[in-house]
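**Student:** Note that the numbering used here has the sequence shown beginning at 192, numbered continuously upward. Virtual Cβ for every residue (Gly too), placed ideally from N, Cα, C. Computed from a predicted structure; not experimentally measured. I have a structure here, written as structure tokens, and I will follow up with some questions on it.
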Amino acid sequence: MRYRIIVLMIVIALSVTIVADFITNFTKPAFSTSIAPGFEKTGGTLNIDNSQLPITTDSLKGKVVLVNFWTYSCINVLRTLPYLIDWNTKYSDKGLVIVGVHTPEFEFEKNIDNLKKAVERYGIEYPVIQDNEYKTWNAYGNNYWPRMYLVDDQGHIRYDRIGEGNYDQTEKMVQSLLSERNSKIGMEILESNSKPSDVNKTPSNQNKISGFLKQPVDFTKIKTSELYFGHKFKDTSLGNPEGFHPGQVIKYATPSNSSIKSNTIYLEGEWKNNPDNMELQSELGKIVLTYSAKSVNLVAGGIGQAIVHEDNSLLDNNSKGVDIVDDHKLLIDSPRLYNIANHQSYDGTHSLIIDIKGKGFQAYTFTFG
């Protein structure tokens, strides 16, 4: 997604900075004089009762605050949630407050009801603030999902983490700032002995969805990058010769198997070319993709259901994703990320065919793990 970060590599030479397409590991300490910006709420709030409103940097003085920029259909964001949930469970009574600033990428993510379903689905209990107009995002000068800032009890930014990973380092910084804060008020000083593996012991993380999100990811072995369906994105990869026609309904036909390229989306049926998605206008449609990764996800919405084939057969129990029912069916219940396939290894290339039934099916992006 937009500057969505997986792996970061910065090389500075002759005043030129080069940023790799895949970003995995970028953490920087922040100067203690950096004052955290306020929360510019542009939308609703979740998991906050009236006695806590308004939630501001002033009202949080005296607490250690983890500001988490997220968007609920982003797989890179979702894989951080089990750790955030774990930290909220372990440290909320010791002075930590996590604030999820939800800055949407897609239009459907601006809807408070959709966000509420996502918060419930993933078991998020810490405060969430909608940032539909990117005001808090811009105040922090942010460009990435996910991104975490740690703010000390005096309101200073002390830590800045872009992307997934380094959970042990982030947790140790949480512990350090809590110990610093608690030593001033006579509370217990934390020992830095908790490890990220403890995330598996958190009760709210012991379910099928969290199990999928906690799976280790080797980004060096993922050969297919994220693929968008909407014409407004630069990372689109539509292989049909009919091409994109913004705002129009186009009848697409899949080419012969010998003409299908890897890491490229192919459509069949009548599809409306929307800015951030392709929307099926005929009753039947098809999406074809050849990819190289251990898992594949589809961000989808609208209405409809689909039969999923991979490598010329239905998905089996060893490869079906958490959102596949009866070994091969994908049912769209709300606009969100759907996990389609999970393989045991990164070996090989897979041919995916999604046969769709239902006018109104919307496809936004493929992501991989």
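Give me whichever residues DSSP pairs with Gln496 in a beta bridge.
**Tutor:** Paired residues: Leu522, Lys548.
**Student:** Check for me: the alpha helix (DSSP H) holding Asp304 runs from which residue to which?
**Tutor:** Run containing Asp304: 303-312, per the alpha helix (DSSP H) assignment.
**Student:** What residues in its chain sit with their C-beta under 7 Å from that of Tyr282, if we drop five residues either side in the sequence?
**Tutor:** Closer than 7 Å at Cβ, skipping near neighbours: Val365, Leu369.
**Student:** Using 10 angstroms around the beta-carbon of Ala444, count the other beta-carbons present and answer buried if the total reaches 16, otherwise exposed.
**Tutor:** Answer is exposed; the Cβ neighbour count stays below 16.
**Student:** How far does the alpha helix (DSSP H) with Leu480 in it reach, from first residue to last?
**Tutor:** Leu480 -> not in any alpha helix (DSSP H); beta strand (DSSP E) instead, spanning 475-482.
**Student:** Tell me which same chain residues have a C-beta within less than 8 Å of the C-beta of Ile238, skipping the five on either side of it?
**Tutor:** It should be pointed out that residue 238 corresponds to Asn in this sequence rather than to Ile. Val310, Ile315, Glu316, Tyr317, Pro318, Val319, listed in sequence order.
**Student:** Tell me whether Tyr537 sits in a helix, a strand or coil according to DSSP, three-state version.
**Tutor:** Three-state DSSP puts Tyr537 in coil, outside helix and strand.
**Student:** Using only the alpha-carbon positions, how far apart do Asn373 and Tyr340 sit?
**Tutor:** Roughly 20 Å separates the two Cα atoms.
**Student:** Please determine if the region 412-419 and the region 446-461 are in contact, where contact requires at least 3 C-beta pairs separated by less than 8 Å.
**Tutor:** As far as the Cβ criterion goes, the region 412-419 touches the region 446-461, which means the pair count is three or higher.
**Student:** Contact between the region 344-359 and the region 255-273: three or more CB pairs below 8 Å?
**Tutor:** With a cut-off of 8 Å, the region 255-273 and the region 344-359 count as touching, because enough Cβ pairs lie within range.
**Student:** Output yes or no for whether 8 Å exceeds the beta carbon distance between Asp467 and Tyr331.
**Tutor:** Against a cut-off of 8 Å, the Cβ pair of Tyr331 and Asp467 comes out as no contact.
**Student:** Just to confirm my understanding: we take Phe552, look at its own chain, exclude 5 residues before and 5 after, and list those with CB closer than 6 Å. What are they?
**Tutor:** Hits under 6 Å: Leu471, Gly493, Gly495.
**Student:** Quick check on Phe403: does DSSP put it in helix, strand or coil?
**Tutor:** In this structure, Phe403 counts as helix in the three-state DSSP scheme.
**Student:** Helix, strand or coil, according to DSSP, for Thr556 in the structure here?
**Tutor:** Correct three-state label for Thr556: strand.
**Student:** Whose CA, out of Ile523, His347, His436, lies closest to the CA of Gly229?
**Tutor:** Ranking Ile523, His347, His436 by Cα distance to Gly229 puts His347 first.
**Student:** Pick from Thr540, Glu501, Asp524: whose alpha carbon is nearest that of Asp546?
**Tutor:** For Asp546, the nearest C-alpha among the options comes from Glu501.
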